[in-house]
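To start, the structure under review is shown below, and the notes come after it.
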Amino acid sequence: MTAVIPMVKMRRATDRPGVAEFVSRCNAFVDEVLLPLERTFLQGSFRAMKPDLDRARRESRARGLWAPWVPAEHGGLGLTLPEYALVSAALGRSPLGHYACNCQAPDVGNMELLMSHGTDDQRARWLAPLVSGAIRSGFSMTEPEFAGSNPVHMETSAVRKGDQYVINGHKWFTSSADGAAFLIVMAVTNPDAKPHQRASQIIVPSDTPGVTRVRNVKTMGEAGDDWASHAEMRYENVSVPIANRIGDEGAGFALAQERLGPGRIHHCMRWIGICERAIELMLRHASRRLLSPGHPLGEKQVVQHWLAECKAEVEAARLLVLHCAQQIHDHGAKEARMHVSLIKFHTAGVLQRVLDKAIQVHGGLGITDDTPLAYWFRHERAARIYDGPDEVHKGQVARAMLKPYGIKAE
Ligand SMILES: Cc1cc2nc3c(=O)[nH]c(=O)nc-3n(C[C@H](O)[C@H](O)[C@H](O)COP(=O)(O)OP(=O)(O)OC[C@H]3O[C@@H](n4cnc5c(N)ncnc54)[C@H](O)[C@@H]3O)c2cc1C
0 MTAVIPMVKM RRATDRPGVA EFVSRCNAFV DEVLLPLERT FLQGSFRAMK
50 PDLDRARRES RARGLWAPWV PAEHGGLGLT LPEYALVSAA LGRSPLGHYA
100 CNCQAPDVGN MELLMSHGTD DQRARWLAPL VSGAIRSGFS MTEPEFAGSN
150 PVHMETSAVR KGDQYVINGH KWFTSSADGA AFLIVMAVTN PDAKPHQRAS
200 QIIVPSDTPG VTRVRNVKTM GEAGDDWASH AEMRYENVSV PIANRIGDEG
250 AGFALAQERL GPGRIHHCMR WIGICERAIE LMLRHASRRL LSPGHPLGEK
300 QVVQHWLAEC KAEVEAARLL VLHCAQQIHD HGAKEARMHV SLIKFHTAGV
350 LQRVLDKAIQ VHGGLGITDD TPLAYWFRHE RAARIYDGPD EVHKGQVARA
400 MLKPYGIKAE
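Mapping to numbering that gives the first Met the number 0: the sequence shown position 57 is 56, numbers consecutive.
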């Protein structure tokens with residue numbers, strides 16, 4: 000296994016500030032613009048906050064923070080993956096950070112897909128308005144009836160009829176489908192091919208007849224709305240042009256894998272940002288909460304140990320993720336596959352442990368929505384499941400470790 004090298008190559012272009020300064024501008028944006036919106040976000044609906052969020056988006060543009068990961072030729076700032084990783088952590092300190100700068104999932108993954116594999120027409124029609132923030136999108140792959148952790152196992156079909164695909168299928172956990180202009184649907188186009196070459200990714204405009212958003216699935220007590228939701232979808236005789244397919248027929252699985260490499264860096268660094276914020280909140284609470292006159296909570300050794308343990312876990316995870324980002328940058332997502340799996344399950348676990356300790360330090364306050372801790376605790380439990388459950392990634396790492404010893408994969 001390659002050793003972890005605590006180093007990020009920070010490219011410094013002459014026409015923009017260095018990355019360290021850029022990250023500090025992101026932190027200032029979060030502190031000045033987004034944290035004041037947080038209480039409203041935690042108490043109400045995402046859609047009701049749209050006017051405030053639109054203002055925040057205008058402000059992020061004005062501050063030169065818009066679409067940081069998108070190459071300049073497509074209208075973004077063109078940060079490299081290791082650079083963007085640092086930005087993702089800074090924005091992760093607020094649940095609204097990525098949305099405000101138009102680098103939120105699932106849109107950012109769909110942008111990447113269209114940038115790498117979209118045709119000129121697809122880019123003009125779908126990528127340009129995504130990058131400008133005029134529309135949103137979703138990625139519709141997981142099906143309720145099939146184990147999502149085996150992505151080649153699915154039933155949704157896309158059958159050729161003239162110059163159209165006719166799509167039929169049932170999906171769920173299509174994040175942010177509510178209000179999305181289009182969905183990228185994974186469907187079987189080549190049922191007789193090898194398992195990894197059966198499916199294709201097809202752009203389906205949301206207003207196509209036969210597309211039904213059945214419901215926003217209630218998760219951890221909340222159905223959510225708009226971008227902050229996960230939909231159950233039905234596709235019934237949905238007819239779209241064959242020209243809406245992204246990449247080659249049967250390449251859907253390969254494209255999905257490609258999308259997940261950088262996507263896991265984005266998520267892991269966002270989780271590091273959440274951990275940083277949780278530690279900030281712990282420090283503030285431990286220093287202000289008096290257990291008796293003149294004796295703040297932070298004097299207790301157990302709290303000091305929790306703080307130290309959280310700090311150690313977060314700093315170690317950060318180095319691991321930055322190392323992985325550099326590996327992807329230098330060698331590509333495929334070569335870095337083992338590192339990607341390592342950070343995915345490890346950082347998700349760190350996130351869960353840090354949030355749990357932060358809530359404990361806050362006592363009853365930690366359970367309320369007066370801080371973002373409970374929101375993250377509810378919604379980021381899923382970090383150990385989406386983009387591959389822990390067990391799948393642990394298996395991937397262990398198989399890579401055992402391979403030189405002649406142990407075959409399960
Ligand atoms: C919040 C959230 C957002 C999501 N967003 C999207 C989205 O936008 N688009 C989309 O298409 N999907 C999305 N998903 C779906 C997600 O990708 C799947 O939930 C994930 O792939 C797991 O599939 P599953 O839920 O069917 O679990 P299953 O595959 O049924 O797995 C159940 C459990 O079995 C265990 N397990 C699975 N495989 C193995 C193995 N090989 N070895 C040992 N144990 C194993 C794991 O513990 C796992 O949690 C989202 C999910 C969540 C929770």
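Every residue, glycine too, gets a C-beta built ideally from N, C-alpha and C.
Keep in mind the model is a prediction, meaning the values are calculated, not measured.
- Provide the residue span of the alpha helix (DSSP H) that contains Y385, from first to last. For the purposes of this step, residue 385 is identified with residue 386 of the sequence shown, where counting begins at 1. Segment: none, Y385 is in no alpha helix (DSSP H) and carries neither H nor E.
Query - Beta-carbon spacing of I245, L126 below 7 Å - result: On the sequence shown, position 246 is the one that residue 245 refers to. On the sequence shown, position 127 is the one that residue 126 refers to. No, the pair does not count as a contact, with Cβ atoms beyond the cut-off.
| query | Between which two residues does the beta strand (DSSP E) harbouring G168 extend? | reply | Residue numbering aside, residue 168 sits at position 169 when the sequence shown is read from its first letter. Per DSSP, G168 is one residue of the beta strand (DSSP E) stretching across 163-174.
Review point. Looking at C274 and V353, is the spacing between their C-beta atoms short of 7 Å?
Key: Counted from its first residue, the sequence shown places residue 353 at position 354. Counted from its first residue, the sequence shown places residue 274 at position 275. Their beta carbons are under 7 Å apart, which means V353 touches C274 by this criterion.
- prompt: Do you know offhand how far Q395's Cα is from V339's?
  reply: By 1-based counting over the sequence shown, the position of residue 395 is 396. By 1-based counting over the sequence shown, the position of residue 339 is 340. Approximately 10 Å, taken between the alpha carbons.
N236: first and last residue of the uninterrupted alpha helix (DSSP H) it sits in
Numbered from its first residue, the sequence shown carries residue 236 at position 237. N236 -> not in any alpha helix (DSSP H); beta strand (DSSP E) instead, spanning 227-240.
If you scan the region 186-219 from start to end, which runs of the beta strand (DSSP E) of 3 or more residues do you find wholly inside it? Within the region 186-219, the complete beta strand (DSSP E) runs of at least 3 residues are 198-204, 210-215.
Item to complete: With a threshold of 6 Å, establish whether the CB of F138 neighbours any heavy atom of ligand 1.
Response: Translated into positions along the sequence shown, residue 138 becomes position 139. Result yes, Cβ under 6 Å from ligand 1.
- [ ] Measure the Cβ-Cβ separation of V151 and H195 and say whether it is below 7 Å.
- [x] In the sequence shown, residue 151 corresponds to position 152, counting from 1. In the sequence shown, residue 195 corresponds to position 196, counting from 1. Yes.
Q.
Could you compute how far the alpha carbon of G249 sits from the alpha carbon of R197?
A. Position 250 of the sequence shown, counted from the start, is the residue given in the question as residue 249. Position 198 of the sequence shown, counted from the start, is the residue given in the question as residue 197. About 5 Å.
Quick one: is the Cβ of P388 within less than 6 Å of any heavy atom of ligand 1? Start at 1 with the first residue of the sequence shown, and residue 388 comes out as number 389. Flag set: Cβ of P388 near ligand 1.
Report the rounded CA-to-CA distance for L36 versus D51, giving the unit in angstroms.
Walking along the sequence shown from the start, residue 36 turns up at place 37. Walking along the sequence shown from the start, residue 51 turns up at place 52. Spanning the two alpha carbons is a distance of roughly 8 Å.
(Q) Can you look up I134 in the DSSP assignment and give me helix, strand or coil? (A) Within the sequence shown, numbered from 1, the residue matching residue 134 stands at position 135. Coil at I134, not helix or strand.
Margin query: Do N215 and S228 count as a contact pair if the criterion is CB distance below 7 Å?
Written below: The residue given as residue 228 occupies position 229 in the sequence shown. The residue given as residue 215 occupies position 216 in the sequence shown. It is a contact, given that the beta carbons lie within the stated cut-off.
Segment contact flag, the region 169-176 with the region 132-144, C-beta cutoff 8 Å, min 3 pairs:
Judged by Cβ distances under 8 Å, the region 169-176 makes contact with the region 132-144, as three or more pairs qualify.
Any chance the CB of S148 is under 6 Å from a heavy atom of ligand 1? On the sequence shown, position 149 is the one that residue 148 refers to. Flag set: Cβ of S148 near ligand 1.
#### Entry: Segment contact, 8 Å Cβ cut-off, at least three pairs: the region 280-300 with the region 312-330
Under the three-pair Cβ rule at 8 Å, the region 280-300 does not count as touching the region 312-330.
- Query: From what residue to what residue does the beta strand (DSSP E) around K407 run?
  - Reply: For the purposes of this step, residue 407 is taken as the residue at position 408 of the sequence shown. Careful: K407 lies outside any beta strand (DSSP E) and carries neither H nor E.
> From F28, G387, T207, E221, pick the residue whose C-alpha is nearest to that of E418; which is it?
Replying inline: There is no way to answer for residue 418, as the model of the chain reaches only from 0 to 409.
Would you identify the three-state DSSP class for M400, choosing helix, strand or coil?
Taking the first residue of the sequence shown as position 1, residue 400 is located at position 401. Secondary structure of M400 (DSSP, three-state): helix.
(Q) Applying the 10 Å Cβ sphere with the 16-neighbour rule, what's the burial state of T188? (A) As a working note, residue 188 is residue 189 in the sequence shown. T188 comes out buried.
Quiz prompt | Contact test: V213 Cβ vs ligand 1 heavy atom, cutoff 6 Å | solution = Position 214 of the sequence shown holds residue 213. Exclusion of V213 from the 6 Å shell around ligand 1 follows from its C-beta lying no nearer than that to any non-hydrogen atom of the ligand.
Handout entry: Reference S258, options L341, H345, P105, closest by Cα
Key = Sequence index remark: in the sequence shown, residue 258 carries index 259 (1-based). The amino acid at residue 258 is misidentified as Ser; the sequence shows Arg. Comparing Cα-Cα distances from R258 to each of L341, H345, P105, the minimum goes to P105.
task: Over the uninterrupted beta strand (DSSP E) stretch that includes L289, give me the two end residues.
output: Taking the first residue of the sequence shown as position 1, residue 289 is located at position 290. That run of the beta strand (DSSP E) goes 289-291.
Item to complete: Alpha carbon to alpha carbon, how far is S205 from A285? Give it in angstroms, no decimals.
Response: Position 286 of the sequence shown holds residue 285. Position 206 of the sequence shown holds residue 205. Cα atoms of A285 and S205: separation of roughly 48 Å, rounded to the nearest angstrom.
Is the region 331-345 close to the region 382-400, with three or more CB pairs under 8 Å?
Yes, the region 331-345 is in contact with the region 382-400.
| request: Taking only heavy atoms of ligand 1 into account, decide whether any of them is closer than 6 Å to the Cβ of Y234. | output: Taking the sequence shown and counting its residues from 1, one reaches residue 234 at position 235. At a threshold of 6 Å, Y234 does not count as near ligand 1, since its beta carbon sits no closer than that to any of the ligand's heavy atoms.
Report the rounded CA-to-CA distance for T370 versus A186, giving the unit in angstroms.
Looking up residue 370 in the sequence shown gives position 371. Looking up residue 186 in the sequence shown gives position 187. Note on geometry: alpha-carbon atoms of T370 and A186 lie some 41 Å from one another.
Notebook entry, point to check: Taking the continuous beta strand (DSSP E) assigned at S156, which residues delimit it?
Noted result: Here residue 156 corresponds to residue number 157 of the sequence shown, with the count starting at 1. Secondary structure note for S156: its beta strand (DSSP E) is the uninterrupted segment 156-160.
### Query
If you follow the alpha helix (DSSP H) that P81 is part of, which residue opens it and which one closes it?
In the sequence shown, counting from the first residue as 1, residue 81 sits at position 82. For P81, the uninterrupted alpha helix (DSSP H) run begins and ends at 80-91, by DSSP.
Report task. Starting from N375, trace the alpha helix (DSSP H) both ways and give me its first and last residue. Result -> Within the sequence shown, the letter at position 376 stands for residue 375. The sequence given here has Trp at residue 375, not Asn. Following the DSSP letters along the chain, one finds W375 inside the alpha helix (DSSP H) bounded by residues 372-378.
- Message: Helix, strand or coil for V184? Go by DSSP, reduced to three states.
- Response: Along the sequence shown, one-based indexing puts residue 184 at 185. When DSSP states are grouped into helix, strand and coil, V184 belongs to the strand group.
Worksheet item: Looking only at DSSP bridge pairs, what is G44 linked to?
Response: Your numbering for residue 44 matches position 45 in the sequence shown. Looking at the sequence itself, residue 44 is Ser, so the reference to Gly does not match. According to DSSP, S44 bridges with nothing at all.
Let's test the definition: count the other Cβ atoms within 10 Å of the Cβ of I202 and tell me whether it reaches 16, buried, or not, exposed. Here residue 202 refers to the residue found at position 203 when the sequence shown is read from its first residue. I202 should be labelled buried.
**Prompt:** When you compare each of I264, A255, D177 to G223 by their alpha carbons, which one comes out closest?
**Reply:** On the sequence shown, position 224 is the one that residue 223 refers to. The option with the nearest alpha carbon to G223 is D177.
Exercise for the section: Spell out the partners DSSP gives H294 in its beta bridges. Expected result: In the sequence shown, counting from the first residue as 1, residue 294 sits at position 295. Per DSSP, S291.
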